[in-house]
Every structure is written in C-alpha cells, then in structure tokens.
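Here the structure comes first, spelled out in structure tokens, and everything after it is commentary.
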Amino acid sequence: MEEAAAGRHSGDRSPLAQIDGVWGSLAESTGPGLLAALRLALERREFRLAYQPIVDLRSRRPVGIEALIRWPRMSIGPDVFIPIAERAGLIRDITRQVCRLAAEERITHRIADPVRLSINLSAADARTLETAALLSKLVQALGGPFLNVELTERCLLESERCGPVIRAIRAQGIQVHLDDFGTGYANLQALVELTLDAVKIDHRLTRRVCDSRTAREVVLHLGRLAGTLGLSLTAEGVETEAQAHQLAELGVQRAQGWLFGRPRFIEDCEDR
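Just so you know, the numbering used here puts 285 at position 128 of the sequence shown, and the rest follows in order with no gaps.
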C-alpha cells in the first residue's frame with residue numbers, strides 16, 4: 158500500500174520535479190552527498206545484516222554463517238560505501254553498529270546446527286585494542302565463543318600494528334580468518350607471523366577453477382600452504398556444482414556462495 162501511494166504521489170509531480178528528484182538521488186550516491194548520507198545512516202541505524210551460510214564441501218552441512226552489511230535505502234553495495242567510510246574515519250562506527258546488530262539478532266540461536274558467526278573487520282579495527290573489548294560483548298551476547306572475524310589482506314602489510322590486537326581477539330576464543338586471499342596484498346612472511354585460523358579464497362579465483370589450469374594450481378598450492386600452517390581453507394563465490402566439485406577435489410574444505418544460499422535478512426532466515 159505504501160509503495161502504491163508513493164507511486165501515486167510521484168505521478169502527481171510535474172516532470173521537472175521528477176527530474177530534480179532523480180538528480181537528487183544521484184547526488185546522494187556520489188561524492189560528498191554519499192558521505193553525508195553515510196553519516197545520517199549511522200545516526201538513523203539504517204544499516205542491516207544479511208546472513209549467508211558457509212558449508213562443509215563434503216557433507217554440505219552448514220558450519221558457519223557470515224554477516225554481510227547492507228544499506229537497503231541506497232542501491233549501492235558495501236564495495237562502494239565501505240571504502241568511503243574508511244577514508245572518512247567512519248568505519249569503526251560502522252563496525253560498532255554491525256556488532257550491535259549481530260548481538261540483537263543472534264542468528265546462531267535460530268539455526269539448528271551449531272555454527273559460528275563471521276563478521277568483517279577493517280584494517281582500522283585491527284589496529285586498536287578497543288576492538289577486542291567490543292567483540293567480547295558480542296561473544297557474551299552469542300552465549301559463547303561462536304564468533305569468527307574476517308580481516309583483509311591489507312592487515313598483512315601492518316602485521317606489527319595488528320598483531321597485538323589479533324592475539325587479544327584470539328585469546329577470547331574468537332577465530333581470525335584472512336578474507337579475499339589472492340587480491341594482491343599477500344605477504345607470506347606476515348602470513349607466518351600473524352596467528353590465523355583460516356584463509357578465504359577470493360571469489361575471482363573461485364570463478365576460474367573450472368576453466369583455468371593456472372587457477373587450479375594456485376588453489377591446490379594454497380591448500381597445501383594452508384595445511385602446513387594449520388589453517389582451514391574456504392572458497393568464496395561458489396555458484397555452480399562444477400565449481401564446488403572442483404574445489405573439493407583440490408582440497409578446499411569449506412565454501413560459501415549462491416549455490417548454498419544467498420544472503421538473507423534475519424526475518425527470512427528459518428527459526429530452529
């Protein structure tokens with residue numbers, strides 16, 4: 158009904174007024190307009206979490222679920238607004254809001270199988286011990302250490318600064334995963350120095366495992382490296398059975414992607 162009313166009101170406006178509205182939306186989604194909208198979104202708590210399952214590739218049973226930030230009011234993804242938030246110094250405010258939402262929704266209590274919840278942290282989050290205290294509250298809300306945090310490869314470049322924070326996080330029983338491995342920041346020495354629990358293969362590499370021998374060799378050797386370091390390996394962006402089969406053959410233990418479930422808001426997730 159509200160959408161119909163909105164459409165009716167839009168139709169009543171003059172053509173010039175409608176054009177002004179379109180230009181206003183475009184201005185809000187770019188440059189200074191987007192930054193102002195981000196600040197307002199934080200004040201109004203407009204961000205939401207969409208949850209995507211992570212499965213064991215052999216059994217296909219869920220072993221985890223990732224909380225992905227969404228901004229329903231805007232038709233842009235986190236790949237657009239998160240870098241802007243980082244440059245503007247807003248990213249830690251967004252992380253606090255993500256943790257608050259995850260604590261309120263407690264998705265792990267709605268799923269029959271015991272799973273771990275994964276949330277994403279920025280390099281800025283990994284530089285301050287305040288993050289460890291923030292995550293401690295989320296662990297309490299989840300009722301135990303059922304939490305993973307995902308860090309980008311950028312943290313490998315700042316291993317000296319991020320190391321103490323990562324150790325403080327892991328001391329709480331929280332697992333630390335390296336996200337989007339293979340995007341170009343990788344530093345193998347830092348990978349050894351930082352104490353991690355898992356590595357996630359970037360979706361662009363996953364996409365090529367069926368048609369590129371080189372991609373398969375890279376995944377195979379990543380799996381061997383991860384095994385040597387005692388890390389589990391998860392593939393992101395799995396969309397076909399062929400990809401899932403190939404990844405399993407290459408030794409990848411876990412996967413997530415549209416093949417196993419699209420990200421869904423809490424109200425669309427099944428209760429126990």
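Glycine is no exception: its CB is placed at the ideal position from the N, C-alpha and C atoms. Please read these numbers as outputs of a predicted model, since none were measured by experiment.
Exercise for the section: Indicate the three-state DSSP secondary structure (helix, strand or coil) for I233 in the structure shown. Expected result: coil
Exercise for the section: Examine the Cβ distances between the segment 349-362 and the segment 310-329 and report whether three or more of them are shorter than 8 Å. Expected result: yes
Problem - C-beta atoms of V255 and A224 nearer than 8 Å - result: yes
Problem - E261, enclosing alpha helix (DSSP H) - first and last residue - result: 248-262
Practice task
Report back the beta-carbon spacing between R257 and C426 to the nearest angstrom; my notes put them in contact at under 8 Å.
Solution key: At roughly 18 Å, the Cβ-Cβ gap does not stay under 8 Å, so R257 and C426 are not in contact.
Handout entry: Residues near C319 by beta carbon distance below 8 Å, same chain, minus five either side
Key = A280, A283, R284, L308, C312, L351
Exercise for the section: Tell me the start and end of each unbroken alpha helix (DSSP H) in the segment 263-307 that is at least 4 residues and wholly inside, in chain order. Expected result: 287-299
Practice task
Put L392 into one of helix, strand or coil per three-state DSSP.
Solution key: One point to set straight first is that residue 392 is Ala, not Leu, in the sequence displayed. Reduced to three states, the DSSP call for A392 is strand.
Problem - Candidates L295, T363, G387: closest to E262 by CA position - result: L295
Exercise for the section: Could you check the C-alpha separation between I276 and I323 for me, to the nearest Å? Expected result: 14 Å
Handout entry: G380 beta carbon less than 8 Å from that of L407
Key = yes
Handout entry: Own chain, CB closer than 8 Å to E159, minus 5 neighbours either side, in chain order
Key = At E159, the pLDDT of 36 sits below 50, so the modelled position is not reliable and the matter cannot be decided from this model.
Handout entry: Euclidean distance between Cα positions of D337 and L192
Key = 26 Å
Practice task
Mind reading off the beta-carbon distance from L404 to V395? Whole number of angstroms is fine, and I expect it under 8 Å.
Solution key: 7 Å
Handout entry: Neighbour-count burial assignment, Q297, 16 or more Cβ in a 10 Å radius
Key = exposed
Practice task
Out of P420, L278, H360, point me to the one whose CA is closest to I239's CA.
Solution key: L278
Practice task
Note down the Cα distance separating D368 from G301, rounded to an integer number of angstroms.
Solution key: 42 Å
Handout entry: For S293 and R218, the rounded distance between their alpha carbons
Key = 28 Å
Practice task
Within 10 angstroms of the Cβ of E393, are there 16 or more other Cβ atoms? Answer buried if so, exposed if not.
Solution key: buried
Handout entry: Residue closest to G234, alpha-carbon to alpha-carbon, out of K357, R205, R365
Key = R205
Handout entry: Run of the alpha helix (DSSP H) containing R364, from where it starts to where it stops
Key = Segment: none, R364 is in no alpha helix (DSSP H) and carries neither H nor E.
Handout entry: L379, DSSP secondary structure in three states
Key = helix
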